[in-house]
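>
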Amino acid sequence: MSIDRAELANALAEATGWSVTADPHRVTFTNDDPTQVVIRTVTDSEIGELRYNENRRAQGYGGKRTADLGALWLPLLEALGPFEGSRGMIRGTDLRIIE
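The sequence shown lines up with residues 5 to 103 when you count with the working numbering.
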């Protein structure tokens, strides 16, 4: 399944409050105050896996399953929220930030 990276960047920017850009190999999150950059290397397959997991979690709480890319905001916000470094990296489906 091919992921529209522009749509992904827009959905994640709206949900997280960070500036987000995306290309076929990575998603870059930028925060201006304080200055922070987090680069996430991720494949379309890994994005599909994360969407599936979030859809299952929503269904488990009685919500509806959605294919919306915005469904990925919660685990990303949980990773970005406590991050205090200036540069970091996230690899694939592992949502821990490595400085």
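Idealized CB from N, CA, C, for every residue including glycine. Predicted, not measured: the structure shown is a model, and the values here were computed from it.
#1: Can you tell me whether Gly64 is buried or exposed? The criterion is at least 16 other CB atoms within 10 Å of its CB, across all chains shown.
#2: Nearest CA to the CA of Ile101: which residue from Asn59, Ala15 and Thr32?
#3: Grouping DSSP H, G and I as helix and E and B as strand, with all else coil, what is Thr34?
#4: Among the residues of its own chain, which have a CB less than 6 Å from the CB of Val24, if the five just before and after it don't count?
#5: Would Glu58 be called buried (16 or more neighbouring beta carbons within 10 Å of its own) or exposed?
#6: Could you tell me if Ala10 is buried or exposed, where buried requires 16 or more neighbouring beta carbons within 10 angstroms of its beta carbon?
With the given structure in hand:
#1: Flag for Gly64 reads exposed.
#2: Ranked by Cα distance from Ile101, the first of Asn59, Ala15 and Thr32 is Thr32.
#3: In the structure shown, Thr34 sits in a strand (DSSP, three-state: E or B).
#4: Ala13, Leu16, Ala17 and Phe33.
#5: When all chains shown are included, Glu58 counts as buried.
#6: Exposed is the call here.
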